[in-house]
Amino acid sequence: MGEENQTFMAEFIFLGLSQDLQTQILLFILFLIISLLTVLGNLLITILIFMDSRLHTPMYFFLRNLSFTDLCFSTSIVPQVLVHFLVKRKTISFFGCMTQIFVYLLVGGTECALLAVMSYDRYVAVCKPLHYSTIMTPQVCLQLAIGSWASGALVSLVDTTFTFQLPYQGQNIINHYFCEPPALLKLASADTYSTEMGIFAMGVVILLAPVSLILVSHWNIISTVIQMQSGEGRLKASSTCGSHLIVVVLFYGSGIFTYMWPNSKTTEWDKMISVFYTVVTPMLNPIIYSLRSKEVKGTLRKLAGRKPFSQRR
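Pasting the structure below:
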């Protein structure tokens, strides 16, 4: 009777991304390079924004938060994946799996909210430039950042509770490369319908609601850009919004595919889609958002002891 009432097992076993040893070694090298680029890129952005007072603006305040979430995102998943590429038995403890899901959903949910907040910031900057400083005050920015983290924490707590309230008594092989609710639910020893509906509802809150706000913001931005007389202003606004939309498509597209259809059978294609928002996007964010901007490039030159060409007289 004691074993029948047990709701969890000691460990889970991952099938991983590949069963072929040679392929796993190649993937190890690829993921290691991506991981190093992710850590270096996001750390660099965080340090640059902290050190240069010219980057103490609302946009870069939110970017610093985004870089921190990307660092947490990557370090909560990739190190374990790297180890599993080199070993035959790819395991994680029950509580290790629970912790990974909680952290992953916390930073993932926070990033969803932050991307929506950043689109609102760009909307105010482009569509209401004269009122920007009075709308996006330091207090408002702090409240929006805290709200983003709070929403991520709420979604993480709810989804983690829903996922681990179920009994896991039989099958312990996860057809995935990390602990993710849709893949884990397939192992539950009870009906998962109510849990799937709860996760779906949280997906609507943290995925569909922010992406709707992003689309509305960018529609207004595009309408404003079309009416601009200045070609330079139009180009700058288009570049900023284009960068944001690239991240949105990569991150939200793959996330919605996974969490809006949680009961679909996990395939290699589904794992590849998960790679986009857990591994690739955190690496691309600092490149797309920050390292292409004149302000960040100027700060990099300053730290490297080089003045911009226009100042060399």
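Under numbering that gives the first Met the number 0, think of the first position of the sequence shown as 0, with each following residue one higher. Beta carbons are placed, not taken as given, at the ideal position from N, Cα and C, and that holds for glycine. Computed from a predicted structure; not experimentally measured.
Item: Proximity below 7 Å, CB of F84 to CB of Q23; Value: yes
Item: Contacting residues, own chain, Cβ-Cβ under 8 Å from L302 (five flanking each side not counted); Value: L47, M50
Item: Delimiting residues of the alpha helix (DSSP H) encompassing I91; Value: It is not in any alpha helix (DSSP H) - I91 instead sits in the beta strand (DSSP E) that spans 90-92.
Item: Any 3 or more C-beta pairs closer than 8 Å across the segment 118-127 and the segment 62-72; Value: no
Item: Residues of its chain near V116, where Cβ-Cβ distance is below 7 Å and the 5 sequence neighbours each way are ignored; Value: F61, L143, S147
Item: Segment contact flag, the segment 292-300 with the segment 249-257, C-beta cutoff 8 Å, min 3 pairs; Value: no
Item: is_contact[I245, chain D] using C-beta, thresh 7 Å; Value: No chain D is part of this structure, which consists of one protein chain only.
Item: Exposure of A149, with buried meaning 16 or more beta-carbon neighbours within 10 Å; Value: exposed
Item: Helix, strand or coil at E10 [DSSP, three-state]; Value: strand
Item: CA nearest to the CA of L29, picked from A189, L81, K87; Value: L81
Item: Buried or exposed by the 16-neighbour rule on C-beta atoms within 10 Å, applied to T194; Value: buried
Item: Nearest-angstrom beta carbon gap, S34 and L104 [assumed within contact, 8 Å]; Value: Their Cβ separation, rounded to whole angstroms, is 20 Å, which puts L104 and S34 out of contact at 8 Å.
Item: Cβ contact (3+ pairs, closer than 8 Å) linking the segment 152-172 and the segment 92-106; Value: yes
Item: Supposed close pair R63, T45 - CB separation, criterion 8 Å; Value: 6 Å
Item: Chain-order list of residues whose beta-carbon lies under 7 Å from that of G202 (same chain, five-residue window excluded); Value: Y258, M259
Item: Cβ-Cβ distance between A189 and P166 below 7 Å; Value: yes
Item: For I172: DSSP bridge partner residues; Value: I12
Item: First through last residue of the alpha helix (DSSP H) which encompasses F67; Value: 57-84
Item: Spatial neighbours of M135 in its chain, beta-carbon cut-off 7 Å, leaving aside the 5 residues before and after; Value: P57, D120, V123
Item: Exposure label - K89; buried when at least 16 CB within 10 Å; Value: buried
Item: Minimum length 4: unbroken alpha helix (DSSP H) runs contained in the segment 146-218; Value: 180-184, 192-202
Item: Cβ neighbour criterion (16 or more within 10 Å) applied to Y176; Value: buried
Item: R53 - containing alpha helix (DSSP H), residue span; Value: From DSSP, R53 is part of no alpha helix (DSSP H); its letter is neither H nor E.
Item: 6 Å Cβ shell around I76 - same chain, five flanking residues per side excluded; Value: F177, T277
Item: For L244, the nearest candidate out of C140, G197, Y288 (CA to CA); Value: Y288
Item: Span separating the alpha-carbon of H55 from that of L212; Value: 25 Å
Item: Own chain residues within Cβ distance below 6 Å of N41, not counting five before or after; Value: S66, D69, L70, P285
Item: Minimum length 4: unbroken alpha helix (DSSP H) runs contained in the segment 93-142; Value: 93-126, 131-134
Item: Assigned secondary structure, M259 (DSSP; H/G/I helix, E/B strand, else coil); Value: coil
Item: Cβ-based neighbour list, I172, same chain, cut-off 6 Å, excluding 5 preceding and 5 following; Value: I12
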